[in-house]
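Have a look at the structure below before the remarks.
Number of protein chains: 2
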Amino acid sequence: MPAELGSLLDVSAAPGQERLGRSRDDLVDFSHGDVDAFPPAPGAREAVVAAIERGGSAAYSPYRGHLAVREHAARRVAEFTGAPVDAETEIIVTPGSQGALFLVLAASLVPGDRVAIAEPDYFANRRIPLSLGAVPMPVALDCTEGQDASLDLEALDAALAAGAKVVVLSNPNNPTGVVYPEAVLRAVVDRVSGARALLVVDQLYSRLVFDDREYVHARALPGAEGRCVTLLGPSKTESLSGYRVGVAVGPAEVIARMEQRLGIVSLRAAGYAQSALDAWFEEPDGWLEERIAAHRDIRDGLLERFRAVPGLHVRTTEGGSYLFVRPPAMSVSVGELVRIAREEHGVVVTRGEEFGTATSTVESFRLNFSQDRDRAFAAVDRLVALISAHLVGMRA
Amino acid sequence: MPAELGSLLDVSAAPGQERLGRSRDDLVDFSHGDVDAFPPAPGAREAVVAAIERGGSAAYSPYRGHLAVREHAARRVAEFTGAPVDAETEIIVTPGSQGALFLVLAASLVPGDRVAIAEPDYFANRRIPLSLGAVPMPVALDCTEGQDASLDLEALDAALAAGAKVVVLSNPNNPTGVVYPEAVLRAVVDRVSGARALLVVDQLYSRLVFDDREYVHARALPGAEGRCVTLLGPSKTESLSGYRVGVAVGPAEVIARMEQRLGIVSLRAAGYAQSALDAWFEEPDGWLEERIAAHRDIRDGLLERFRAVPGLHVRTTEGGSYLFVRPPAMSVSVGELVRIAREEHGVVVTRGEEFGTATSTVESFRLNFSQDRDRAFAAVDRLVALISAHLVGMRA
Numbered sequence: 014m015p016a017e018l019g020s021l022l023d024v025s026a027a028p029g030q031e032r033l034g035r036s037r038d039d040l041v042d043f044s045h046g047d048v049d050a051f052p053p054a055p056g057a058r059e060a061v062v063a064a065i066e067r068g069g070s071a072a073y074s075p076y077r078g079h080l081a082v083r084e085h086a087a088r089r090v091a092e093f094t095g096a097p098v099d100a101e102t103e104i105i106v107t108p109g110s111q112g113a114l115f116l117v118l119a120a121s122l123v124p125g126d127r128v129a130i131a132e133p134d135y136f137a138n139r140r141i142p143l144s145l146g147a148v149p150m151p152v153a154l155d156c157t158e159g160q161d162a163s164l165d166l167e168a169l170d171a172a173l174a175a176g177a178k179v180v181v182l183s184n185p186n187n188p189t190g191v192v193y194p195e196a197v198l199r200a201v202v203d204r205v206s207g208a209r210a211l212l213v214v215d216q217l218y219s220r221l222v223f224d225d226r227e228y229v230h231a232r233a234l235p236g237a238e239g240r241c242v243t244l245l246g247p248s249k250t251e252s253l254s255g256y257r258v259g260v261a262v263g264p265a266e267v268i269a270r271m272e273q274r275l276g277i278v279s280l281r282a283a284g285y286a287q288s289a290l291d292a293w294f295e296e297p298d299g300w301l302e303e304r305i306a307a308h309r310d311i312r313d314g315l316l317e318r319f320r321a322v323p324g325l326h327v328r329t330t331e332g333g334s335y336l337f338v339r340p341p342a343m344s345v346s347v348g349e350l351v352r353i354a355r356e357e358h359g360v361v362v363t364r365g366e367e368f369g370t371a372t373s374t375v376e377s378f379r380l381n382f383s384q385d386r387d388r389a390f391a392a393v394d395r396l397v398a399l400i401s402a403h404l405v406g407m408r409a
Numbered sequence: 014m015p016a017e018l019g020s021l022l023d024v025s026a027a028p029g030q031e032r033l034g035r036s037r038d039d040l041v042d043f044s045h046g047d048v049d050a051f052p053p054a055p056g057a058r059e060a061v062v063a064a065i066e067r068g069g070s071a072a073y074s075p076y077r078g079h080l081a082v083r084e085h086a087a088r089r090v091a092e093f094t095g096a097p098v099d100a101e102t103e104i105i106v107t108p109g110s111q112g113a114l115f116l117v118l119a120a121s122l123v124p125g126d127r128v129a130i131a132e133p134d135y136f137a138n139r140r141i142p143l144s145l146g147a148v149p150m151p152v153a154l155d156c157t158e159g160q161d162a163s164l165d166l167e168a169l170d171a172a173l174a175a176g177a178k179v180v181v182l183s184n185p186n187n188p189t190g191v192v193y194p195e196a197v198l199r200a201v202v203d204r205v206s207g208a209r210a211l212l213v214v215d216q217l218y219s220r221l222v223f224d225d226r227e228y229v230h231a232r233a234l235p236g237a238e239g240r241c242v243t244l245l246g247p248s249k250t251e252s253l254s255g256y257r258v259g260v261a262v263g264p265a266e267v268i269a270r271m272e273q274r275l276g277i278v279s280l281r282a283a284g285y286a287q288s289a290l291d292a293w294f295e296e297p298d299g300w301l302e303e304r305i306a307a308h309r310d311i312r313d314g315l316l317e318r319f320r321a322v323p324g325l326h327v328r329t330t331e332g333g334s335y336l337f338v339r340p341p342a343m344s345v346s347v348g349e350l351v352r353i354a355r356e357e358h359g360v361v362v363t364r365g366e367e368f369g370t371a372t373s374t375v376e377s378f379r380l381n382f383s384q385d386r387d388r389a390f391a392a393v394d395r396l397v398a399l400i401s402a403h404l405v406g407m408r409a
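As they're listed, the protein sequences go chains A and B.
Plus 13 on top of the position in the first sequence (first one is 1) and you've got the numbering used here.
Plus 13 on top of the position in the second sequence (first one is 1) and you've got the numbering used here.
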């Protein structure tokens, strides 16, 4: 591995990988969701234990996953997204959504290929192409507070004109919480279709949308057929991350190439754990609404706290469980702030530079607010006090 | 992905991926072990269910795995292999042994690099380097019946002189069941050490060794320190394949690069399933001896049946649960034989060409004899009858 790639792939500051300071009772790790605060959706555990008990037939599966698991997931994903999914050919069970993202990119890109990526966006959207020798071309996501989000379509046009084979974005966006407006998605699909490229949409958070906002599934838009791979899974809203299962749905020939790659990297998602998907989209009535309401409550409490800091920028999360916060001018860098918060105040957040290279991104940090409400409020009180103490013009 | 790579990565004939003919009651799938016939080692299920119940702390781990899991595995692997393992830096929990193999090769090879691979050997030892753009250089394993196995050391010297950075072999060998003699391993380690290369030894079957044969762990040999990565896991002998966990132990800097790659492909082995390793090497007294004896009994029954065919070659398995069978001249190709056995006789075996390109390899087929004894005997009776019916000079 070339040295510069080693540095790029450094995992020491990736979300969840930070070395913590001394353990403390009030520590809140905002780098990922707390699955004790929001426990796993009902039914998954029972389904997995039943699979373990079934034994041999559950231990091994075709690389793309057990057919029965794919049949359930295909039917539910088709209903949810509003476009058909063939269980035999158009869906693959993956080792988490990260696995799905790696597989679709590894199946689509060779060294030197260009790939258009929204920025800011999930750090792996940039790292995976680089690790494959491909060339990411950033397309700026404008998430200014108080207006609809928009993508720099000129940059997208330029990337496609330069031969970009794949366009990658998360919707809702990680880290900003933006839900893409229909008009933006239509513009993207039109361009991808016209360029005969592939659109990869990471919809990991698409069941967690706030304030009755309209959510549009790109794969159901005109022109998306045969051109769109959608990544979904129960790791976030449903808190089933410990099982490491997700799915990708897309054109049969892309799914077939993803299966080939999965055969190389780890053969299959764990045979027993695949059954966690049997409980997905099968939660009791009201379960999802309650989970959304609880997250909205925490979001609103954190927004209120952050917005008490003059000059701080933060957009109201439209979907997902992230806040992306840009503090005002401080006497320390954001990187320093993040380190001090972690080591001295028991507050773990993720540096903005994991999500892109633009100044507004690098000068921000991300919180996953899928946490215990009161502990999260207390931790952000400490963080806000820390920021306030370092505001330029204030005494530190 | 280039077209030729797509063809290389074709999964339709990979072990376990074969499309079966009509289902039948007496079907025996020798492409992988039957974990109903040899049920999972005790304790793993309980450990995983306890992890699910622990919740959040078990769902997420550092990419290289839960520290407590690594501590147990490091201690036990050190005892088993006779050389120390640092739990913090020298071990990584992987998505199965396939995951370990992919990660060590992806962390060590860039396009154009040469890699020496024993042949015949596990199909992924060749496919993974090719998928990374590296160049495999076969080193013939001589497994003639009735003599100690040997490697073509001249070919190994030539590969290392040509710059091979990595040498890969499985011990016990998959598909032939060879256990490498100490002298051969010493010669390999000396050469790898002299060339400052890396030796990767897949020891997935190293607990299943027959007839009190001496088994030498390459990592414990003089010169191996800092030059050897050992792949181990509980998928085979212990029948824990449904959890998809394995480990790699090796030099700290290689393990660190493997963790970076794991962060790219799927973040971590499933958080809950990692705890299956807590039961590994903790089986009750006598459990392993009984499992070995049961496999030896099946091996001997199958060898007797195959050796009733005049001119058929098969070596007595020294370790692992494979037989690699070369039928005598037949009126059909081995590929045809394998197809007919699968589609018409309910006997699934794996074509030799999955394991190498030499004539003796391509003209063989592999069976995993970790099966129900009586069903396996009956299936091989059908297979032997099929071979006998197609012997050149016999009526078909």
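No residue lacks a Cβ here, since even glycine has one placed at the ideal position from N, Cα and C.
No experiment lies behind these values; they were computed from the predicted model shown.
Beta-bridge pairing by DSSP links B/G332 to B/V222. The Cβ atoms of B/V347 and B/V41 lie no closer than 8 Å to each other. In the three-state scheme derived from DSSP, where H, G and I count as helix and E and B as strand, A/E132 is classed as strand.
Identification of residues in the stretch 263-295 of chain A having a C-beta nearer than 9 Å to some C-beta of chain B yields A269, R270, E272, Q273, R274, L275, G276, I277, V278, S279, L280, R281, A282, A283, G284, Y285, A286, given in sequence order. Along the stretch 61-84 of chain A, the positions whose C-beta sits under 7 Å from a C-beta of chain B are V62, I65, G68, G69, A71, A72, Y73, P75, Y76, read in chain order.
At a cut-off of 3 residues, the continuous stretches assigned as beta strand (DSSP E) that sit fully inside the stretch 354-384 of chain A are 378-381.
The stretch 376-391 of chain A and the stretch 328-341 of chain A touch, with three or more beta-carbon pairs separated by less than 8 Å. Residues L116, A119, A120 of the same chain have their beta carbon placed closer than 7 Å to that of A/R274, with the five preceding and five following residues left out of the count. Within the stretch 179-217 of chain B, complete alpha helix (DSSP H) segments of at least 4 residues are found at 195-207, given in chain order.
Distance check between B/P297 and each of B/L280, B/E251, B/L234, B/P97 places B/E251 closest, using alpha-carbon atoms only. Taking the Cα positions, B/E195 is about 16 Å away from B/F93.
By the 16-neighbour rule on beta-carbons within 10 angstroms, B/G365 is buried. Assignment of A/F390 by DSSP, reduced to helix, strand and coil, places it in the helix class. In terms of CA proximity to A/I311, A/A392 leads the group A/V229, A/A81, A/A392, A/E167. Nearest to A/V106 by C-alpha distance, out of A/S183, A/L122, A/E84, is A/E84.
Using a CB distance below 7 Å, the part of the stretch 109-121 of chain B facing chain A consists of G109, Q111, G112, F115, A120, ordered along the chain. When secondary structure is reduced to three states using DSSP, A/G159 falls in the coil class, being assigned neither helix nor strand. Burial state of B/P52 is exposed, judged by a 10 Å Cβ sphere holding fewer than 16 other Cβ atoms. The CB of A/D134 never comes closer than 9 Å to any CB in chain B; the least such distance is about 16 Å. Residue state for A/D42 is assigned as strand, using DSSP reduced to three classes. Nothing from the stretch 357-389 of chain A brings a Cβ to less than 9 Å from some Cβ of chain B. Counting along the chain, A/G276 sits inside the alpha helix (DSSP H) bounded by residues 265-278. Those residues of the stretch 241-262 of chain B placed with their C-beta closer than 7 Å to a C-beta in chain A are S254, G255, Y256, R257, ordered along the chain.
B/D155 and B/V180 have their C-alpha atoms some 17 Å from each other. If you check the CB distance, B/F136 and B/E367 come in under 8 Å.
The Cβ atoms of B/I104 and B/A81 lie no closer than 8 Å to each other.
Per DSSP, B/T94 is one residue of the alpha helix (DSSP H) stretching across 80-94. Within 10 angstroms of the beta-carbon of B/D215 lie 16 or more other beta-carbons, which makes it buried.
A direct Cα-Cα distance of roughly 59 Å separates A/G159 from B/D47. Looking at A/T363, A/H45, A/G255, A/E302, the one whose alpha-carbon comes closest to that of A/T374 is A/T363. Below 8 Å, enough C-beta pairs join the stretch 275-295 of chain A and the stretch 126-146 of chain B to call them touching: three or more. In the three-state reduction of the DSSP assignment, A/A261 falls in the strand class, which pools E and B.
Within 7 Å of the CB of A/A172, no CB atom of chain B is found; the nearest one sits about 21 Å away. Residue contact check for A/R58 against chain B: a CB pair falls below 8 Å. A/L221 sits away from A/V197, with the two beta carbons spaced by 8 Å or more. Distance from the CA of A/P323 to the CA of A/T189, rounded to the nearest whole angstrom, comes to 20 Å.
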